[in-house]
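Peer 1: Okay, handing you the structure first.
There are 2 protein chains.
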Amino acid sequence: MKRGIRLCITGSEIMNGFVLDRNTQFFASELYGRGYRLVESRIVHDDRHQILATWREWAASGDIIINSGGLGPTSDDLTVDLLCEWLGDQAIYEPEAERRTRYFFERRARKNPALSLETALRQARIPSRAIAIQNSVGLAPGIFIPEKNFFALPGFPEEIHAMWPQVLQHIQALEPEKFLTTIIPVWGVGESQLFSGIRETPGVTVGVHALPWGCRLFLRAENGMPQALEKLAAEIRSRYSAQIVEDPLVEVIAHCKKQGLKLAFAESCTGGLAAKRLTDHPGVSAIFQGGVVGYANSAKSTLLGVSQELLATHGAVSREVAEAMARGAAEVLSAELALSFTGIAGPDGGSESKPVGTVYIGLYDRRSDDMRVARFHFPLGRERFRNATVSCAFLALWQYLCGHNTQDVFPLSEFR
Amino acid sequence: MKRGIRLCITGSEIMNGFVLDRNTQFFASELYGRGYRLVESRIVHDDRHQILATWREWAASGDIIINSGGLGPTSDDLTVDLLCEWLGDQAIYEPEAERRTRYFFERRARKNPALSLETALRQARIPSRAIAIQNSVGLAPGIFIPEKNFFALPGFPEEIHAMWPQVLQHIQALEPEKFLTTIIPVWGVGESQLFSGIRETPGVTVGVHALPWGCRLFLRAENGMPQALEKLAAEIRSRYSAQIVEDPLVEVIAHCKKQGLKLAFAESCTGGLAAKRLTDHPGVSAIFQGGVVGYANSAKSTLLGVSQELLATHGAVSREVAEAMARGAAEVLSAELALSFTGIAGPDGGSESKPVGTVYIGLYDRRSDDMRVARFHFPLGRERFRNATVSCAFLALWQYLCGHNTQDVFPLSEFR
Chain A
0 MKRGIRLCIT GSEIMNGFVL DRNTQFFASE LYGRGYRLVE SRIVHDDRHQ
50 ILATWREWAA SGDIIINSGG LGPTSDDLTV DLLCEWLGDQ AIYEPEAERR
100 TRYFFERRAR KNPALSLETA LRQARIPSRA IAIQNSVGLA PGIFIPEKNF
150 FALPGFPEEI HAMWPQVLQH IQALEPEKFL TTIIPVWGVG ESQLFSGIRE
200 TPGVTVGVHA LPWGCRLFLR AENGMPQALE KLAAEIRSRY SAQIVEDPLV
250 EVIAHCKKQG LKLAFAESCT GGLAAKRLTD HPGVSAIFQG GVVGYANSAK
300 STLLGVSQEL LATHGAVSRE VAEAMARGAA EVLSAELALS FTGIAGPDGG
350 SESKPVGTVY IGLYDRRSDD MRVARFHFPL GRERFRNATV SCAFLALWQY
400 LCGHNTQDVF PLSEFR
Chain B
0 MKRGIRLCIT GSEIMNGFVL DRNTQFFASE LYGRGYRLVE SRIVHDDRHQ
50 ILATWREWAA SGDIIINSGG LGPTSDDLTV DLLCEWLGDQ AIYEPEAERR
100 TRYFFERRAR KNPALSLETA LRQARIPSRA IAIQNSVGLA PGIFIPEKNF
150 FALPGFPEEI HAMWPQVLQH IQALEPEKFL TTIIPVWGVG ESQLFSGIRE
200 TPGVTVGVHA LPWGCRLFLR AENGMPQALE KLAAEIRSRY SAQIVEDPLV
250 EVIAHCKKQG LKLAFAESCT GGLAAKRLTD HPGVSAIFQG GVVGYANSAK
300 STLLGVSQEL LATHGAVSRE VAEAMARGAA EVLSAELALS FTGIAGPDGG
350 SESKPVGTVY IGLYDRRSDD MRVARFHFPL GRERFRNATV SCAFLALWQY
400 LCGHNTQDVF PLSEFR
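So the sequence lines, in the order shown, correspond to chains A and B.
Under numbering that gives the first Met the number 0, think of the first position of the first sequence as 0, with each following residue one higher.
Under numbering that gives the first Met the number 0, think of the first position of the second sequence as 0, with each following residue one higher.
Structure follows, in structure tokens:
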């Protein structure tokens, strides 16, 4: 069998449950998306015997090894010493890392009497036969040992992400087993609905990674023949053209910045999640006026001008109230575009006609007085309900701004 | 060495990067918190050779094995068949699981023509020599094989959590190595500050798990002698008495429900996160009136009544505006208690006197017209800044409601 890839994640902080290992998923998804075969991920303590035993066992297979963690300056950072022991090599200072470490030490670490220059420089070391992988985020360089198909990377996700393109180049040169793979993010459709519309295709396996509301599809040609894969991918792309986008919210932000449009939100059941998701992105103060979390009915009236009569007649979870909330938010916050959310997140509060998971989403364009509301049912539990609701609204807003305004488009076609 | 514990996490969906493995951290933190020693966590594909080889290798060590995944009804659910192969045993239907599977099949699965009763019953099987672990959440029972110190659990976190108390009882009876361990959650203090106040104690190791703003301390007696551990724990408890609580927000919710108090939020830099965090908890409509996300200055004026003059004189990030926001939120939303947040989340927008990470938090009690504001500096990056800010406010509110109102209490003593 051709060469696979194995992960060794070192860190007692993970093994003691203090830190969630997110690196396995990062590597796994990156490798799978590029068609590579991940064989195993092994999480171990910062323990010299355990780590060396793992490397030695794996090296016999010829597989590529990626080790993560243990490159810092402290005494439980063992990777470089263990590598030298394994290779019968000596550690040297990597020139660029040494220069940067000395520079930082002069300016900062001096103030920390617990850290000596000698200790700080521990993280600038690599085995003499290693190729360094530059680290633009931290001080410790990554390490590539060609004779062992071996990579050592830090444990911090940001540093791994920054080094990853260099690692991928080396991996490619080692020619591991590789399957042709295509990734298609499809928003606004559930897994089972999506699968029922995908033709079973011999030689192509279909994997799926959940989006907050939708699926990222991974198509993989198992027999190395691209034709069947490309035909299936083209079918899916044509069928879901208006739902395929990396992240609708990112597109909405870019569009509003470019056009000078302002957004406002009126949230009930989502309780601030839409505003939170938007303000996760830096620099949105240019387009985000603000939002109202009108959890109580009185707040909907006072802050958004939703009339008590409307609330009494139709109930807070209704098309009419969603309309009034969106209109109120756009007006009171002087925004061109407004989204509103009113529904039943559960676990309590449902009824026969409006069960838990029911939500009305309003989309209002003050420029044209265009008002749309859609009703959805996401009976997925409180957290997934709220994520799906907000993602659904961002998708519809993106489609609206793109002019994807035809009957066959989902979910915007649901908004009437 | 006495018996440790090893985890085998099976699932191609994890190895392909579609699903983040959260089970390793659940097991690791549960085991560490109870003083057990986790040796390794190995993540592998749903692959019969890889799984069997792992079990066989580990069984030789005498360690306890916990396998997660592979107990469902489909053909890639291999655990029971592999166990029978390994043990030279035969699968039988576990009576309770068989009864429940038949019942569910009659009522539901019949509508799904792809699922036969025979297939559904695959998940009711266990090896004849196994002890079943009841599954109150799903259909597949867990499995305990005493002769191999072996547990098989499903992959779904909710099912694992439901079975965990039964598993712990069996683990205890197997008498693995066990260290005396005490867990203390301390809010409102950073890791380095906390450590500088902890006396180094021979025989006691101190581990730390980050809270959104604070640390969960794990004290572990390495030599089996409880006295040193208990003395250190008592010192820490006495020093930080007003900051030790499992979750301040949960306490705030309980207090407000009991006393019939209503909350309101006025958020700028936190962008809805405070409202989102509160409404993550079901049933808060009884105490949460709503919130205003006043991202733009005009929104602060229109919705919260913060005067343009005040904004122009002091700037949006100021003690005066934090006060006006809290007062405005309490009044416009008819709430007894209000929290306000105004600061600079970054990465841009900082200045010499108000660098990125600066935040003013306001706490207002309308009943007594008691107004407090504190300034903090959390230069932690956008996401951690926002989490720390909101957690800090919930901690202060909890201390305020408890009457922890003395000078030596942090952070409430910061609020003047």
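For glycine and all other residues, C-beta sits at the position ideal for the given N, C-alpha and C.
#1: Does chain A have any CB closer than 8 Å to the CB of Ser-28 (chain B)?
#2: From Pro-201 (chain B) to Ala-227 (chain B), what distance separates their C-alpha atoms?
#3: Quick one: using the 10 Å Cβ neighbour count with 16 as the cut-off for buried, is Glu-266 (chain A) buried or exposed?
#4: Do Ile-170 (chain A) and Ser-127 (chain A) have their C-beta atoms closer together than 8 Å?
#5: Taking contact to mean at least 3 C-beta pairs separated by less than 8 Å, is the region 78–89 of chain A in contact with the region 118–136 of chain A?
#6: Report yes or no: do three or more beta-carbon pairs, one from the region 363–370 of chain B and one from the region 304–314 of chain B, lie closer than 8 Å?
#7: How would you list, in chain order, the residues of chain B whose beta-carbon sits under 9 Å from the beta-carbon of Thr-341 (chain A)?
#8: Which residues, taken in chain order from the region 81–93 of chain B, show a beta carbon closer than 8 Å to some beta carbon of chain A?
#9: Between the region 53–70 of chain A and the region 40–51 of chain B, can you find at least three pairs of beta-carbon atoms closer than 8 Å?
#10: Under 8 Å, Cβ to Cβ, is there at least one residue of chain B near Leu-228 (chain A)?
#11: Which residues, taken in chain order from the region 239–267 of chain A, show a beta carbon closer than 9 Å to some beta carbon of chain B?
#12: Please give me, in chain order, every unbroken run of the beta strand (DSSP E) with length at least 3 that falls completely inside the region 58–113 of chain B.
#13: Just checking: is the beta-carbon of Asn-15 (chain A) within a distance shorter than 8 Å of some beta-carbon in chain B?
#14: Quick one, which of B:Arg-374, B:Arg-381, B:Leu-379 and B:Ala-387 has its alpha-carbon nearest Ser-412 (chain B)'s?
#15: Taking just the CA atoms, how far does Glu-158 (chain A) sit from Ser-417 (chain A)?
#16: Identify each residue in the region 36–48 of chain B for which the Cβ-Cβ distance to at least one residue of chain A is less than 7 Å, and report them in chain order.
#17: In chain order, what residues of the same chain lie with their CB nearer than 6 Å to the CB of Arg-219 (chain B), ignoring the 5 residues before and after it?
#18: Can you confirm whether the region 256–266 of chain B touches the region 328–338 of chain B when touching is taken to mean that 3 or more C-beta pairs between the two stretches lie within less than 8 Å?
#19: Pop quiz: Asn-15 (chain B) and Gly-34 (chain A) are said to be a contact at Cβ under 8 Å. What is the actual Cβ separation, rounded to whole angstroms?
#20: Please classify Gln-192 (chain A): is it buried, with 16 or more other beta-carbons within 10 angstroms of its beta-carbon, or exposed?
#21: By Cβ distance below 7 Å, which residues in the same chain neighbour Cys-255 (chain B) in space, the five residues on each side in sequence not counted?
#22: Under three-state DSSP, which class holds Pro-153 (chain B)?
#23: Give the single residue among A:Ala-232, A:Ala-253 and A:Glu-146 whose Cα lies nearest to the Cα of Ile-243 (chain A).
#24: Mapping the DSSP letters down to three states, classify Ser-339 (chain A) as helix, strand or coil.
#25: Between which residues of its own chain and Lys-299 (chain B) is the CB-CB distance below 6 Å, once the five residues before and five after are set aside?
#26: So what does His-376 (chain A) bridge to, in DSSP terms?
#27: Rounded to the nearest angstrom, what separates Gly-61 (chain A) and Met-224 (chain A) at their Cα positions?
#28: So, does the region 272–285 of chain B touch the region 270–285 of chain A, judging by three or more C-beta pairs under 8 Å?
#29: According to DSSP, simplified to helix, strand and coil, what is Ile-125 (chain A)?
#30: List the residues of chain A that Val-203 (chain B) touches, going by C-beta distances under 9 Å, in chain order.
#31: For Thr-312 (chain B), count the other beta carbons within 10 Å of its own beta carbon; 16 or more makes it buried, fewer makes it exposed. Which is it?
#32: Within a Cβ cutoff of 7 Å, which residues of the same chain sit near Tyr-399 (chain B), ignoring the five residues on either side of it in sequence?
#33: Pro-378 (chain B) and Val-358 (chain B) - do their beta-carbons sit closer together than 8 Å?
#34: Give me the DSSP bridge partner(s) of Ile-116 (chain B).
#35: Nearest-angstrom Cα distance between Ile-13 (chain A) and Arg-21 (chain A)?
#36: Using a C-beta cutoff of 8 Å, does Lys-1 (chain A) count as contacting chain B?
Peer 2: Well, looking at it:
#1: yes
#2: For Pro-201 (chain B) and Ala-227 (chain B), the distance between alpha carbons rounds to 8 Å.
#3: buried
#4: no
#5: yes
#6: no
#7: Residues of chain B passing the Cβ test: none, with the nearest at roughly 12 Å.
#8: none
#9: Short answer: they don't touch.
#10: no
#11: Under the 9 Å Cβ criterion, the region 239–267 of chain A contributes Lys-261, Ala-263, Phe-264, Glu-266 and Ser-267.
#12: 63–67 and 90–92
#13: yes
#14: B:Arg-374
#15: The question about residue 417 (chain A) has no answer, for chain A in this structure spans 0 to 415.
#16: For the region 36–48 of chain B, which is checked against every Cβ of chain A, the residues closer than 7 Å are Leu-37, Glu-39, Ser-40, Arg-41, Ile-42 and Val-43.
#17: Excluding residues within five positions, the ones whose Cβ falls inside 6 Å are Phe-178, Thr-180 and Thr-204.
#18: yes
#19: Actually they do not touch by this definition, with Cβ atoms about 11 Å apart.
#20: exposed
#21: Leu-262 and Ile-286
#22: coil
#23: A:Ala-232
#24: Strand at Ser-339 (chain A).
#25: The answer, listed in chain order, is Gly-293 and Val-305.
#26: In DSSP, His-376 (chain A) forms a bridge with A:Thr-357.
#27: 26 Å
#28: With a cut-off of 8 Å, the region 270–285 of chain A and the region 272–285 of chain B count as touching, because enough Cβ pairs lie within range.
#29: strand
#30: Within chain A, no residue comes near Val-203 (chain B); the closest Cβ sits about 15 Å away, beyond 9 Å.
#31: exposed
#32: Leu-362 and Leu-411
#33: no
#34: Looking at the sequence shown, residue 116 (chain B) is not Ile but Leu. None; Leu-116 (chain B) has no bridge partner.
#35: In this structure, the CA atom of Ile-13 (chain A) is about 10 Å from the CA atom of Arg-21 (chain A).
#36: no
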